[in-house]
Amino acid sequence: MRRMGRWTIGATLILAVASAAYFAYDFGMLRFNNPSLSRYPIQGIDVSHHQGDIDWKTVASQPNVRFAIMKATEGGDHKDSRFADNWQRAGDAGMVRGAYHFFTFCRPGKDQAQNVLATVPKQPGTLPITVDLEFVGNCNKVPTVEEMATEVNAFFTELKGAFPEKPIFYVTQEFYDQYLKGNKSRFPDHYLWLRSVFQEPAQEGCGRWSIWQFADNGTVDGIQGAVDLNAFCPSETGFAHLFPAIASN
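In short: position in the sequence shown from 1, add 24, done, that's the numbering used here.
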């Protein structure tokens with residue numbers, strides 16, 4: 025039998041460990057961030073049709089789910105198949121709700137805003153509209169900073185009459201570095217919702233981010249399969265009126 029060299033054995037062990045870690049992470053058995061409720065008392069989820077039929081009463085009964093941001097629309101004409109049902113049933117269960125739009129770089133911002141206006145109800149006691157800005161989806165276009173700012177501004181200008189509140193920008197670090205870093209004044213004033221599933225992002229009094237997506241493989245009673253987990257910056261006051269019991273503690 026041919027003997028394996030030390031380097032071959034080492035590489036094989038590393039590969040085995042990496043595979044096991046990936047499996048554990050993919051199935052929710054491994055998570056890099058576990059912020060406590062004592063440090064982050066307002067935590068919640070974001071969902072889409074991928075989570076299927078959600079038992080919202082069960083979800084709402086859990087102390088680490090105080091809000092739910094749900095996908096409503098994408099591009100100029102796509103509507104999430106579960107949005108209307110999620111919106112109604114989450115509201116009936118007493119959840120603080122928000123809606124997000126997945127922004128495509130291949131469709132004018134004004135057209136996309138019309139899709140939001142035709143889909144998302146305007147109701148009191150809800151989170152501001154969120155726009156999801158990231159490099160995934162079916163559009164391969166990579167616009168310049170000027171092109172991106174023009175279309176994002178057109179999107180929110182169209183929404184302003186119905187949704188005048190300061191919006192939420194959901195971004196990956198990659199998108200932030202390419203478009204927002206150093207260019208904040210070129211975009212509408214916004215709350216920043218930052219995805220960072222491998223480590224807790226740096227913070228200075230909520231000046232860097234307002235919402236942190238800390239996991240994409242979470243488990244929550246009432247939802248089959250993985251779900252994204254999020255937390256509000258503890259000292260963020262922009263949403264305190266939506267969580268009076270927690271904010272007063």
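Built from N, CA and C at the ideal position, the CB exists for glycine as well.
Since the model is a prediction, treat every value here as computed from it, not as a measurement.
A residue is called buried once 16 or more other Cβ atoms fall within 10 Å of its Cβ, and His-214 is buried on that count. Residue pairing by DSSP places Lys-81 opposite no residue, since no beta bridge is assigned to it. Within the same chain, and ignoring the five residues on either side of Glu-224 in sequence, the residues whose Cβ sits closer than 8 Å to its Cβ are Asn-57, Pro-59, Trp-236 and Phe-238. Around the C-beta of Pro-191, 16 or more other C-beta atoms lie within 10 Å, and the residue is accordingly described as buried. Proximity to Ala-114 across Trp-233, Asn-177, Leu-157 and Ile-69 peaks at Ile-69, based on C-alpha coordinates.
Under the three-state reduction of DSSP output, Asp-70 falls in the strand class.
Counting the other Cβ atoms within 10 Å of the Cβ of Phe-159 gives fewer than 16, which makes it exposed. For Asn-254, the enclosing beta strand (DSSP E) covers residues 251-256. Setting aside the 5 residues that flank it on each side, Tyr-124 is surrounded in the same chain by Ile-93, Lys-95, Thr-154 and Asp-156, each with a C-beta closer than 6 Å to its C-beta; the list follows chain order. Around the beta carbon of Glu-182, a 10 Å sphere encloses 16 or more other beta carbons of the protein chains shown; the residue is thus reported as buried. The secondary-structure analysis by DSSP pairs Phe-91 across a beta bridge with Gly-68 and Val-120. In this structure, the straight-line span from the alpha carbon of Arg-63 to that of Lys-208 is close to 28 Å. A straight line joining the alpha-carbon of Lys-184 with that of Leu-216 spans about 18 Å. Per DSSP, the continuous alpha helix (DSSP H) segment holding Phe-180 begins and ends at 169-183.
Residues of the same chain with a CB within less than 8 Å of the CB of Ala-186, apart from the 5 flanking positions on each side, are Leu-141 and Lys-146 in chain order. In the three-state reduction of the DSSP assignment, Gly-115 falls in the helix class, which pools H, G and I. By the neighbour-count definition (other C-beta atoms within 10 Å, threshold 16), Asn-241 is a buried residue. Of the candidates Phe-211, Ala-178, Thr-261 and Thr-168, Thr-261 places its Cα closest to the Cα of Cys-230. In the DSSP assignment, Arg-219 forms a beta bridge with Gln-237.
Membership of Val-140 in the alpha helix (DSSP H) is indicated by the continuous run 133-141. In the displayed model, His-214 falls within coil according to three-state DSSP, outside both helix and strand.
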